[in-house]
Amino acid sequence: FCLGLAAIFSASISFLAARVSRAQAAEMIGMIGSAGFAGMLIGAHVADFLVSLGGSERQAIDRLFYGATVLTLVAVPFAWAATRKERPTGRSVRHSAWRITLQYSRLPVVITAAVVGAAFAIPFSFLASYAKELQIDELAAYYSIYSIAAIATRVAGRKVTRRLGSTPTIVLGLICLAVGLVAMWPIRTGADLWFAGIMCGLGHGVVYPFLTAAGTARFPQQHRGLGTTMMIAVFDFGQFVGAPIFGTILALAARAGVPPYPTLLVIVAAVLVATAVGYAWVMRRERHEDTSAHDGPLAGEASPVGETSPALPVAARSMTELPAAVEAED
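Using the numbering used here, the first residue of the sequence shown is number 68, and each one after it goes up by one.
The following block contains the structure:
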């Protein structure tokens, strides 16, 4: 299941992102993500309907799996129709995927994506157990509002995010996620989750596509699929690592006699805020260094032909060729 899900995400996002410019990559990733949120919006209510049909708990669970299988099969002809005219390039891969990834990855973006991936474990993994502890049975409304907020952000907020730029948009999304997590603290009923759903949906709606686009911005066109796959893997890795850490925090908080879930929510929110501040600072410093490196020679000075300043960062060099060490590798 996980392999199939990873393949679907990476292939679909790479397929569409490769057809637009780097400047439009975030917007395209956001639009395909909106389609996913629409499915999540409908799926939550379909799941509630299937469970409400009665029978034992095991029968209800079986119906959920059968329904998911049917929907997956329905998607197959649409995927075939969208890609039927695509043909393999016939070019063999000459370079090490690890070498390419290390060459063009941006460490601050990767770290931020891992933190965000870990934070996603709260609404998609830990919220259900938190709600069960509070005897809140209805979560479909939360996920519906979450999805609507994410879709609205990506569709209606396109002009706003264009004006803000990548870094401010990512920072704003991180803050929205942090506020959404803290808003889960005082909940007592399902309706109390609505504000949290709006804020988490807003944050998810901008952070995921913009971080993915930022993480692939330095990859050459022929390797953007690899960059996209790498960023999706980083989000998944963050959730993979974050979930057991969060479980440990819950256990330690309970042992210490403090409210487990509120403690977890505050800690994760604080990490998101710290990440937002650190990301903004690093990106500002990186932009300043890139600007300084691009400053030309003084008037009257000649620039030696073929000479590259050692201060020039990797991002400012050729985006279409790998270094000689990598190019030589077959």
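Positions of the beta carbon are idealized from the N, C-alpha and C atoms, including for glycine.
| Query | Result |
| --- | --- |
| Give a yes or no on whether the minimum CB-CB distance between residue 193 and chain B is below 9 Å. | No chain B is part of this structure, which consists of one protein chain only. |
| Tell me the rounded alpha-carbon separation between residue 237 and residue 276. | 9 Å |
| Thinking C-alpha only, which one of 182, 193, 329, 348 is nearest residue 305? | 182 |
| Kindly give me the distance between the Cβ atoms of residue 81 and residue 295, rounded to whole angstroms, as I take these residues to be in contact under 8 Å. | 5 Å |
| Can the beta-carbon of residue 252 be found less than 9 Å from the beta-carbon of residue 329? | yes |
| Tell me which residues share the same chain as residue 395 and place their Cβ nearer than 7 Å to its Cβ, disregarding the 5 neighbours each side in the sequence. | Low confidence applies to residue 395: its pLDDT is 38, below 50, so where it sits in the model is not reliable enough to give any reading. |
| By the three-class DSSP mapping on this structure, what secondary structure does residue 79 have? | helix |
| What separation, rounded to the nearest whole angstrom, lies between the Cα atoms of residue 334 and residue 319? | 13 Å |
| Alpha carbon to alpha carbon, how far is residue 317 from residue 185? | 15 Å |
| Could you check what DSSP says for residue 204 in three-state terms: helix, strand or coil? | coil |
| Can you tell me whether residue 278 is buried or exposed, with buried defined as 16 or more other CB within 10 angstroms of its CB? | buried |
| Three or more C-beta pairs closer than 8 Å, one from the stretch 110-125 and one from the stretch 201-214: is that the case here? | yes |
| Closest to residue 346 by C-alpha separation, out of 175, 152, 79, 223, would be which residue? | 175 |
| Using the C-alpha atoms, what's the distance from residue 127 back to residue 287? | 48 Å |
| Judging by CA-CA distance, which residue of 331, 274, 292 is the nearest neighbour of residue 249? | 331 |
| Can you look up residue 362 in the DSSP assignment and give me helix, strand or coil? | Annotation note: pLDDT 49 at residue 362 (below 50); position unreliable, coordinate value reported separately. DSSP places residue 362 in coil when its eight states are reduced to three. |
| Going along the chain, which residues of its own chain have a beta-carbon closer than 6 Å to the beta-carbon of residue 240, five neighbours each way excluded? | 270, 273, 274 |
| Run through DSSP, which three-state label would residue 196 get? | helix |
| Expressed to the nearest angstrom, what Euclidean distance is found between the alpha-carbon atoms of residue 167 and residue 297? | 11 Å |
| Going by beta-carbon coordinates alone, are residue 209 and residue 190 separated by less than 9 Å? | yes |
| With residue 266 as the anchor, note down where its alpha helix (DSSP H) starts and where it stops. | 261-283 |
| To the nearest angstrom, report how far apart residue 369 and residue 353 are at their CA atoms. | Bear in mind that a pLDDT of 40 at residue 369, under 50, signals an unreliable position, so the model cannot answer this. |
| Relative to the C-alpha of residue 243, which candidate in 196, 147, 258, 267 has its C-alpha closest? | 267 |
| Suppose you measure from the CA of residue 121 to the CA of residue 131; what does that come to, to the nearest Å? | 13 Å |
| CB residue 245 to CB residue 337, shorter than 9 Å? | yes |
| When we look at the beta-carbon of residue 68 and count the other beta-carbons within 10 Å, is it buried (16 or more) or exposed? | exposed |
| In terms of residues, what are the limits of the alpha helix (DSSP H) holding residue 164? | 164-171 |
| Just how far apart, CA to CA, sit residue 71 and residue 153? | 20 Å |
| Taking the alpha-carbon positions, what's the residue 195 to residue 355 distance? | 44 Å |
| I need the straight-line Cα distance from residue 203 to residue 115, nearest angstrom please. | 14 Å |
| Tell me where the alpha helix (DSSP H) around residue 229 begins and ends. | 225-231 |
| What three-state label does DSSP hand residue 325 in the structure shown? | coil |
| Measuring only the C-alpha atoms, how far is residue 324 from residue 348? | 37 Å |
| Answer with buried or exposed for residue 145, where buried requires no fewer than 16 other C-beta atoms within 10 angstroms of its C-beta. | exposed |
| So what's residue 187 in DSSP terms, helix, strand or just coil? | coil |
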